[in-house]
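Each residue of the sequence shown is one higher than the last, beginning at 1 in UniProt numbering. Just so you know, even glycine gets a beta-carbon here, dropped at the ideal spot from N, CA and C.
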Amino acid sequence: MAAPAERELTAEQTEKLLQFQDLTGIESMDQCRHTLEQHNWNIEAAVQDRLNEQEGVPSVFNPPPSRPLQVNTADHRIYSYVVSRPQPRGLLGWGYYLIMLPFRLTYYTLLDIFRFALRFIRPDPRSRVTDPVGDIISFIHMFEEKYGRIHPVFYQGTYSQALNDAKRELRFLLVYLHGDDHQDTDEFCRNTLCVSEVITLINTRMLFWSCSTNKPEGYRVSQALRENTYPFLAVIMLKDRRMTVVGRLEGLIQPDDLVNQLTFIMDANQTYLVSERLEREERNQTQTLKEEKERRSECLPPEPHPDDPESVKIIFKLPNDSRVERRFHFTQSLTVIHDFLFSLKESPEKFQIEANFPRRVLPCLPTEEWPNPPTLQEAGLSHTEMRDQRLRRRRQPCCEPVLVPGSACELPHRHS
Numbered sequence: 001m002a003a004p005a006e007r008e009l010t011a012e013q014t015e016k017l018l019q020f021q022d023l024t025g026i027e028s029m030d031q032c033r034h035t036l037e038q039h040n041w042n043i044e045a046a047v048q049d050r051l052n053e054q055e056g057v058p059s060v061f062n063p064p065p066s067r068p069l070q071v072n073t074a075d076h077r078i079y080s081y082v083v084s085r086p087q088p089r090g091l092l093g094w095g096y097y098l099i100m101l102p103f104r105l106t107y108y109t110l111l112d113i114f115r116f117a118l119r120f121i122r123p124d125p126r127s128r129v130t131d132p133v134g135d136i137i138s139f140i141h142m143f144e145e146k147y148g149r150i151h152p153v154f155y156q157g158t159y160s161q162a163l164n165d166a167k168r169e170l171r172f173l174l175v176y177l178h179g180d181d182h183q184d185t186d187e188f189c190r191n192t193l194c195v196s197e198v199i200t201l202i203n204t205r206m207l208f209w210s211c212s213t214n215k216p217e218g219y220r221v222s223q224a225l226r227e228n229t230y231p232f233l234a235v236i237m238l239k240d241r242r243m244t245v246v247g248r249l250e251g252l253i254q255p256d257d258l259v260n261q262l263t264f265i266m267d268a269n270q271t272y273l274v275s276e277r278l279e280r281e282e283r284n285q286t287q288t289l290k291e292e293k294e295r296r297s298e299c300l301p302p303e304p305h306p307d308d309p310e311s312v313k314i315i316f317k318l319p320n321d322s323r324v325e326r327r328f329h330f331t332q333s334l335t336v337i338h339d340f341l342f343s344l345k346e347s348p349e350k351f352q353i354e355a356n357f358p359r360r361v362l363p364c365l366p367t368e369e370w371p372n373p374p375t376l377q378e379a380g381l382s383h384t385e386m387r388d389q390r391l392r393r394r395r396q397p398c399c400e401p402v403l404v405p406g407s408a409c410e411l412p413h414r415h416s
C-alpha cells in the first residue's frame, strides 16, 4: 500500500519553514518541517526548543515522557529532617484519635486499593508529560490565587531546566513538591513558605522550583525523589560533578526551623560549590589560554627560507630547559618573537625575553619607553650585528635568549 502523500504547505508555512532553517542551520528540510509540525508551526517555540537541545537542556515543548531525571538520590550522606505530627493530648484528644483511627485506616486502605485497581483499567494520566511548562505555569497561577502573590520566586521552567541552571550557575536548588490533598499543605504554604524570612533566604541563596504532584511534571519529579510525606522539600546541588540531593525536609515545619535547617544544609555543603567554582575557573582559564595560543600561532607570518640573507635563526631556551629554534626576518617586530614563544605549549602565560650577550630584556611588548617594539635589526639581532659580536667576543655565543617565566625569558644562542 502506498504511503499517503504529504500535505502541501501554504505560503505562510513555507515562509516559516525557510525562516526556521535559516535560524537553526538544519540542512534537512524534512527535519525542519517535522520539528515545526510538532510545535503546531509555532516558530518561536520550535526555535527555542532547538536551542534548548543544543545547550543540553531537555526539550520543553515535546520532551520524551519517560526520560530519567539525572539526580543522585542514593548518597548516604543526605541530611534528612522529618517533622512528625504532634501526638494527641489529654483524654479527649486520645479518645478522638482512637475513634477516628479505624475510619482513617479504612479510608486510606480503600483509596489505595481503588488506585491500584484503576491502573489496570486506565493508566495514570500523570505518567505522560506532554506540557511540562504548562504544568508549572498553571500551578503558579493556582498557588497565587489560593495563597497570594507574596511568595518565593518560582522558577518558571521544567525541573530539568532548573537542574541545568543550578548546575551552570553553581547554586543550590530547592524543590518543593505540593501535595494538594494533604492536610498540612495549606498551613505550610500560608504560615511557613510565604513568611518574609523564608522568602528572603530562598530568593537570595537558592533557585526555587515547585509543582503539584497532581500535575504530570510534579508527579514525574515525585517518582524520582520518592517523598514519604508532605510538605516535602529537597535541596539539590552540584556535588562531585553530579547533581545530588544533599538535604530532605519532610513534614509541617515552622518558619524559623525551616530557615535554620536550610542554612545548615547550605553551610555544610558550601565547600563543594567553592571547590567546583575554582576548578571551573581554572578550566576556563586553561581553555582561554589554549585558544589564545592557537590564535597567535595562526597569526604568525611565515618563516623565512633558510637561504634568505635578510633573516636570522634564533635558538630559544625555555623554562623547562628545552630548546626551540625559528628563523625571523630582520624587519619583523620583536612582537613576532613574543607571539611565537607564547604560542608554544611549553611557554608560561606571562614572560619576558632576556638576551645574554649583552644581557638585557628585549622590549617585545609595547611599554611607555617602547610604545612600538623595535624590529630585530633595531634591537641588535640582525645577521650583521651578530657576526660583529662574534668577532668581538671570539668564541662566546653572540646572543643567548632565555625564557624566564613571570619576569624574564632568555633567547638561547642565535645562529645565522
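Helix, strand or coil: which one does DSSP assign to residue i?
{"i": "residue 486", "result": "This structure leaves residue 486 out entirely; the chain is present only between 1 and 416."}
{"i": "L381", "result": "coil"}
{"i": "I150", "result": "coil"}
{"i": "I236", "result": "strand"}
{"i": "V83", "result": "coil"}
{"i": "L105", "result": "helix"}
{"i": "R392", "result": "Low confidence applies to R392: its pLDDT is 34, below 50, so where it sits in the model is not reliable, and the reading given next is rough at best. Correct three-state label for R392: helix."}
{"i": "L18", "result": "helix"}
{"i": "E145", "result": "helix"}
{"i": "D131", "result": "coil"}
{"i": "E8", "result": "coil"}
{"i": "Q13", "result": "helix"}
{"i": "G157", "result": "coil"}
{"i": "E37", "result": "helix"}
{"i": "N203", "result": "helix"}
{"i": "I113", "result": "helix"}
{"i": "I78", "result": "coil"}
{"i": "N164", "result": "helix"}
{"i": "N191", "result": "helix"}
{"i": "A408", "result": "Here the model assigns A408 a pLDDT of 39, short of 50, so the residue's position is not dependable and the matter cannot be decided."}
What's the gap between the Cα of residue i and the Cα of residue j?
{"i": "Q270", "j": "G218", "result": "28 Å"}
{"i": "R205", "j": "E292", "result": "35 Å"}
{"i": "L18", "j": "Q31", "result": "12 Å"}
{"i": "L170", "j": "H151", "result": "23 Å"}
{"i": "M142", "j": "T14", "result": "39 Å"}
{"i": "Y79", "j": "I113", "result": "33 Å"}
{"i": "I202", "j": "A11", "result": "49 Å"}
{"i": "I253", "j": "T192", "result": "7 Å"}
{"i": "G148", "j": "Q285", "result": "46 Å"}
{"i": "I315", "j": "D308", "result": "17 Å"}
{"i": "E352", "j": "T335", "result": "Here residue 352 turns out to be Gln, not Glu, going by the sequence shown. One C-alpha to the other measures close to 11 Å."}
{"i": "T229", "j": "D184", "result": "10 Å"}
{"i": "L163", "j": "S210", "result": "12 Å"}
{"i": "Q389", "j": "A355", "result": "Because Q389 sits at a pLDDT of 36, beneath the cut-off of 50, its placement in the model cannot be relied upon, and the point is left open."}
{"i": "P306", "j": "M237", "result": "59 Å"}
{"i": "F103", "j": "D181", "result": "17 Å"}
{"i": "D256", "j": "V153", "result": "19 Å"}
{"i": "P281", "j": "L173", "result": "For the record, residue 281 in the displayed sequence is Glu; it is not Pro. Using only the alpha carbons, I get a separation of about 21 Å."}
Taking 6 Å as the cut-off, does the CB of residue i come closer than this to any heavy atom belonging to the ligand ATP?
{"i": "R168", "result": "This structure simply doesn't include the ligand ATP, nor any ligand for that matter."}
Hey, could you find the ends of the alpha helix (DSSP H) residue i is sitting in?
{"i": "Q285", "result": "P255 to C299"}
{"i": "residue 424", "result": "The chain is shown from 1 up to 416; residue 424 falls before or after that span and cannot be answered."}
{"i": "V245", "result": "Element bounds for V245: not the alpha helix (DSSP H) but the beta strand (DSSP E), R242 to E250."}
{"i": "D186", "result": "T185 to F188"}
{"i": "Y219", "result": "P216 to L225"}
{"i": "R171", "result": "Taken as a continuous stretch (DSSP letters only), R171 belongs to no alpha helix (DSSP H), as it is neither H nor E."}
Would you call the CB atoms of residue i and residue j closer than 7 Å?
{"i": "S297", "j": "S343", "result": "yes"}
{"i": "L207", "j": "Y155", "result": "yes"}
{"i": "E346", "j": "N320", "result": "yes"}
{"i": "Y159", "j": "V221", "result": "yes"}
{"i": "P363", "j": "P373", "result": "yes"}
{"i": "G179", "j": "T130", "result": "no"}
{"i": "F328", "j": "L300", "result": "no"}
{"i": "L249", "j": "V198", "result": "no"}
{"i": "L365", "j": "F330", "result": "no"}
{"i": "G251", "j": "V235", "result": "no"}
{"i": "L36", "j": "F20", "result": "yes"}
{"i": "D135", "j": "P216", "result": "yes"}
{"i": "K167", "j": "M266", "result": "no"}
{"i": "R323", "j": "K317", "result": "yes"}
{"i": "Q261", "j": "Y81", "result": "yes"}
Give a yes or no on whether 7 Å exceeds the smallest Cβ distance from residue i to chain D.
{"i": "R33", "result": "Absent from the structure: chain D. Only one protein chain is present."}
Would you give the residue range spanned by the beta strand (DSSP E) that residue i belongs to?
{"i": "V195", "result": "Looking at the DSSP string, V195 is not in any beta strand (DSSP E), and its letter there is neither H nor E."}
{"i": "L207", "result": "M206 to S212"}
Checklist entry - Taking only runs of the beta strand (DSSP E) that begin and end inside the UniProt domain "UBX" (307 to 381), which ones reach a length of at least 3 residues, in chain order? => result 311 to 317, 323 to 329, 351 to 356 and 359 to 362
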